[in-house]
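Counting in this note's numbering, the sequence shown tops out at residue 373, every number present.
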Amino acid sequence: MRAPRTTLRRGLAAAAALPLLAVAATACGYGSEAKDDDAKSNVSAGGKKLSADTVKIGYFPNLTHATALVGIQEGLIAKELGGTTVKPSTFNAGPSEIEALNAGSIDIGFIGPSPSINGYAKSKGQSLRIIGGSASGGVKLVVDPKKIKTLDDLKGKKIATPQLGNTQDVAFLNWISEKGWKVDAQSGKGDVSVVRSDNKVTPDAFKSGSLDGAWVPEPTASKLVAEGGKVLLDESTLWPDDKFVITNIIVSQKFLSEHPDVVDAVLRGTVNTNKWINANPDEAKASANSALEKLSGKALPADVLDPAWKSIRITDDPLAATLQAQADHAVKAGLLEKPDLEGIYDLKPLNKILEAEGQPAVADAGLGAE
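Structure (structure tokens):
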């Protein structure tokens, strides 16, 4: 595929959104505000509108949401929508994105596994479906090498996670349990002190010495390394084939029912985006960083961007079996009542697109909608 032309985006207006669940958070939360892109409509040149005039897409200004960053910036999603407008919104926390989906403020979202699980369970299976994958990996345990030299040295230390009950928090609590150590999930007190720290402030806290390490997503992990930290563990090594879901694509069930042609078009756009990212990693990395600069006002420096980008796998596969495992880990930690996740996936539209592309189908691990 020939490299697409970059289109500019500017101007974000903040709109606060309330969390759905006290213990649910994004895989890479940076707060709880949503931002709407008030730039010109993101419409493909030419083409008829589909069944909806506009599709509202939510995502995070984060490298683990590279499919959305690149697909929107490069016009690859808009290209599949013809005359239907893309209205992007960015979020800083999973609960606020779920709230926006439930309120109809967005139709489709890129989001982590924990808020996907909690949003589905809270609505008793009525709010959303996971319709595709976006990214795997990109989570690391980074420590102060002067204080911690081996994994056993974590005992008695202060280790940050982004938020109580978020994807990394659950993963770290499960790892602690597997070590045979005890930590109270709610307070974070025990053999290891689990400190819930916003990813925006974790690097400064680490630099000051008030944290001994952190189990965090990219690019926060690479920011800590740039401050002198050392990667002690890459979470991907704990999973079969080194793969686990970090970002899903979700859609409101109402929008899926009323506008399946629009959903199909967005998925074609994400499949094409992922294909282009994997075929052109350097150009895609630059595109994602350019998008981040426009959204946040600051690009990532090379010593953060390069290692962060290498640790993230872009994929159409939602890695459904790992979502179930993450839910089981949250239940085990006492942060979630056992959810009924049957029906959370609808991968039929994606698999039709993959079949047309000559690619293998992806599995729903027995959690698909009928």
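Just so you know, even glycine gets a beta-carbon here, dropped at the ideal spot from N, CA and C.
Only a predicted model underlies this, so the values are computations on that prediction, with no experimental measurement involved.
- When C-alpha distances from S293 are compared across Q327, D264, G74 and K150, the shortest belongs to G74.
- Taking 7 Å as the cut-off, the Cβ atoms of N202 and T170 do not count as close.
- For D237, the pairing in a beta bridge is given by DSSP as K143.
- Judged by their CB atoms, Y123 and I347 are nearer to each other than the 7 Å cut-off.
- In the same chain as A287, and ignoring 5 residues on each side of it, the C-beta atoms closer than 6 Å to its own belong to V73 and I280, in chain order.
- Contact between S314 and E221 is confirmed by a C-beta separation of about 6 Å, below the 8 Å threshold.
- Counted as a single uninterrupted DSSP element, the alpha helix (DSSP H) harbouring F175 occupies residues T170 to E181.
- Cβ-Cβ distances below 8 Å link E230 to P206, F209 and K210 in the same chain, with the five nearest sequence neighbours on each side left out; the list follows chain order.
- Beta-bridge partners assigned by DSSP to W218: L144.
- Under the three-state reduction of DSSP output, P91 falls in the strand class.
- Assignment of beta-bridge partners to F113 by DSSP yields I252.
- For the stretch 272-334, the continuous beta strand (DSSP E) assignments of 3+ residues that do not extend past its boundaries occur at 315-317, in sequence order.
- In its chain, beyond the 5 residues on either side, A323, L326, Q327, L344, E345, G346, I347 and Y348 have a beta carbon closer than 8 Å to the beta carbon of L370.
- Sequence-distant Cβ neighbours of S225 in its own chain, meaning closer than 7 Å and more than five residues away, are V307, P310 and A311.
- Counting every other CB atom within 10 Å of its CB across the protein chains shown gives K301 a total below 16, marking it as exposed.
- Take T276, set aside five residues on each side of it, and the residues of its chain with a beta-carbon closer than 8 Å to its own are T70, V73, G74, E77, L79 and I80, in chain order.
- Each residue's CA atom was taken as its position, placing V269 and A359 some 15 Å apart.
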